[in-house]
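Okay, structure first, notes after.
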Amino acid sequence: MKCSRDDKFSSGRLNPYGNIELNPASGVLNYGQGVFEGLKAYRKRDGCGFLLFRPVENAIRMQMGADRMCMPSPSADQFIDAMKETVLANRRWVPPQGKGSLYIRPLLIGSGAVLGLAPAPEYTFLVYASPVGNYFKAREGFAPINLLIEDAIHRATPGGTGCVKTITNYAPVLKAQLLAKSNGFTDVLYIDPVNKKYLEEASACNIFIVKGKAISTPITRGTILPGITRGSIIAIARDSGYLVEERLVTIDDLIEADEVFCTGTAVVVSPVGSVTYHGKRFEYKTGADTVSQRLYKSLTDIQMGLAEDTKGWTVEVV
Ligand code: PMP
């Protein structure tokens, strides 16, 4: 749907998937004025209907990002209505339960023409979707990933846009990601650009370490995306009796951890098998009897409607 600064994102329509027209002078093409979200719809076990996981949080995060990028954004109700319509229009593409999900990608872009640097006068909110299997080419939740700590390329800087999901956060990490992949790693783990000793996050997921009975994850100080999966795992882990700390987590803490895992909409909860730092490889516990396995199961049971949703996190689409 298209709107000017004063419109209310009220009129949307469904189109078959295809190219869109964009003004060559649009804010998004010239100045990267855009934010996006990612969420998944799971098919319910009985085959009737679908579940969205915490879409209000995605709507709120998009609003925060839009504000940072000087754009108006859809209300939470408008956002969720658009997600529901997209799921229903693509219902035949939602994989059977246990075989994947429908990944939904809402995008908000400055589509109006703007030659000098300024916010675009017109915006477009669009949503597309695709069936997905597991993000990392292995069985999600089970096959460990291998991370490379990167200390030359940074994902975010203080005062930048690391804590919101702007499109401009992603192309700058492609280089580090490609280099890591070409050396056999699954992804890059970024560290803070100032002290170069605190963990931040991977390219598209947050990180947790487990030491004894304590779980820690880097505190979000403006340079880390506050992942919705991260927040959910913190809540589930605390409910399950774990001590969970959001704090500054150092590379040394990581090296000494028993277990490490990543969280995100795409990766869900993925165990980390190894982290490599300055050529040294550190290995972690993975497999059946691990904290990450237990948390993966608790989370996905809620997401797929197999466990009671006591927190009201899921939104049904029928
Ligand atoms: N960090 C980054 C940089 C991401 O792109 C994502 C994916 N949105 C995450 C963390 C995880 O966030 P979420 O759990 O909301 O998907």
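If you're matching positions, the sequence shown starts at 74 in UniProt numbering and goes up one per residue.
Where is the CB? At the ideal position from N, CA and C, for every residue including glycine.
Can you give the beta carbon distance from residue i to residue j, rounded, assuming they're within the 8 Å contact cut?
i, j, result
"Thr159", "Ile177", "6 Å"
"Asn131", "Leu112", "5 Å"
"Tyr315", "Lys270", "No, Tyr315 and Lys270 are not in contact; Cβ-Cβ is about 25 Å, not under 8 Å."
Below 8 Å between beta carbons: does that hold for residue i and residue j?
i, j, result
"Ala330", "Tyr357", "yes"
"Val200", "Ala249", "no"
"Phe82", "Pro128", "no"
"Leu372", "Val341", "yes"
"Thr387", "Phe126", "yes"
"Pro344", "Phe334", "yes"
"Pro217", "Thr359", "yes"
"Ile280", "Val317", "no"
"Pro179", "Cys143", "no"
Which same chain residues end up closer than 7 Å to residue i when comparing Cβ atoms and leaving out the 5 residues on each side of it in sequence?
i, result
"Tyr104", "Leu190"
"Gly122", "Glu389, Val390 and Val391"
"Gly138", "Val108, Val237, Lys238 and Thr239"
Output needed for residue i: all residues of its chain with C-beta closer than 6 Å, excluding positions within five of it in sequence on either side, in chain order.
i, result
"Asn96", "Ala186"
"Ala202", "Thr159, Asn163, Leu175 and Ile177"
"Phe152", "Ala132"
"Lys210", "Because the pLDDT at Lys210 is just 49, under 50, the model does not fix this residue reliably, and the value given afterwards should be weighed accordingly. Cβ neighbours of Lys210 beyond the five flanking positions: none."
Does any heavy atom of the ligand PMP sit closer than 7 Å to the C-beta of residue i?
i, result
"Gly337", "yes"
"Lys238", "yes"
"Leu298", "yes"
"Glu274", "yes"
"Gly218", "Checking the sequence, you will find Ile at residue 218 rather than Gly. No, the beta carbon of Ile218 sits no closer than 7 Å to any heavy atom of the ligand PMP."
"Asn279", "yes"
"Ile301", "yes"
"Gly111", "yes"
Using 8 Å as the limit for Cβ to Cβ distance, is residue i near chain D?
i, result
"Asn279", "In the structure shown, chain D cannot be found, because there is only a single protein chain."
Can you find the residues in the same chain that come closer than 8 Å, C-beta to C-beta, to residue i, ignoring five residues on each side of it along the sequence?
i, result
"Thr241", "Gly105, Gly107 and Thr234"
"Lys172", "Gly206"
"Asp374", "Ala380"
For this session: Decide yes or no for the touch test of the segment 249 to 265 against the segment 298 to 307: beta carbon pairs closer than 8 Å, at least 3 of them.
Result: no
Exercise. Using 8 Å as the Cβ pair cut-off and three pairs as the minimum, do the segment 310 to 329 and the segment 286 to 294 touch?
Worked result: yes
Exercise. On the three-pair Cβ rule with 8 Å, is the segment 218 to 229 touching the segment 252 to 266?
Worked result: yes
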